[in-house]
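Participant: Numbering (mature numbering (1 follows the signal peptide of the UniProt record, and there is no 0)), first residue to last: -22 to -1, 1 to 102. C-beta atoms are modelled at their ideal positions from N, C-alpha and C, and glycine is treated no differently.
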Amino acid sequence: MKTQFKFLAVLLMIPLFFLACSKDDDPADNDLFVGTYNGTIGYNSGSTSIRTETGKVTVVKTGNNYDFKFSDGIPDLNGVQFQKNENEAVSIGNDESKYIKITAGTLKIAFTKDGAIWTADCTR
């Protein structure tokens, strides 16, 4: 009888091992990019020029797009679409003037829109 219980216990544990040992999730599939990044940020538009080395950018996911909330009076970037690659997300734009790259630990921005330029080189 003890042998049957041991055998039954082993049979019930086998699926747990398969679940526990499955391949880890790709961070690009999760919302690991959401949060606050700290570092150098900048903004230029006409006569307005803002740059700081102690700035913050907060990344917020809204539906399928991302919003970037800047500190220090820099206007926000909203509704940016991304293509998710392995362990990173890169913005989708018509040209290189809309570059945003996010990984779990870094944020790089060189984005131009309506004559304004946003820049960021941040980490968590």
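Enumerate in chain order the residues of its own chain whose CB-to-CB distance from T90 is below 6 Å, with the five nearest sequence positions on each side excluded.
Facilitator: S75
Participant: Pop quiz: I19 and T84 are said to be a contact at Cβ under 8 Å. What is the actual Cβ separation, rounded to whole angstroms?
Facilitator: Between T84 and I19 the Cβ distance is about 13 Å, and since that is not below 8 Å, they are no contact.
Participant: Have a look at the DSSP bridge pairing and note the partners of D99.
Facilitator: Per DSSP, the beta bridge partners of D99 are T18 and K86.
Participant: I need the DSSP call for T30, collapsed to helix, strand or coil.
Facilitator: strand
Participant: Hey, how far is the Cα of G13 from the Cα of V37?
Facilitator: Distance between the alpha carbons of G13 and V37: 5 Å.
Participant: Tell me where the beta strand (DSSP E) around I78 begins and ends.
Facilitator: Per DSSP, the unbroken beta strand (DSSP E) holding I78 starts and ends at K76 to I80.
Participant: Within its chain, find whatever has a CB closer than 8 Å to the CB of K(-21); leave out the 5 residues flanking it on each side and keep chain order.
Facilitator: none
Participant: In angstroms with no decimal places, state the Cα-to-Cα distance between K86 and S49.
Facilitator: 16 Å
Participant: Hey, how far is the Cα of Q59 from the Cα of K39?
Facilitator: 10 Å
Participant: Look at Y21 and A88 and say whether their C-beta atoms are less than 8 Å apart.
Facilitator: no
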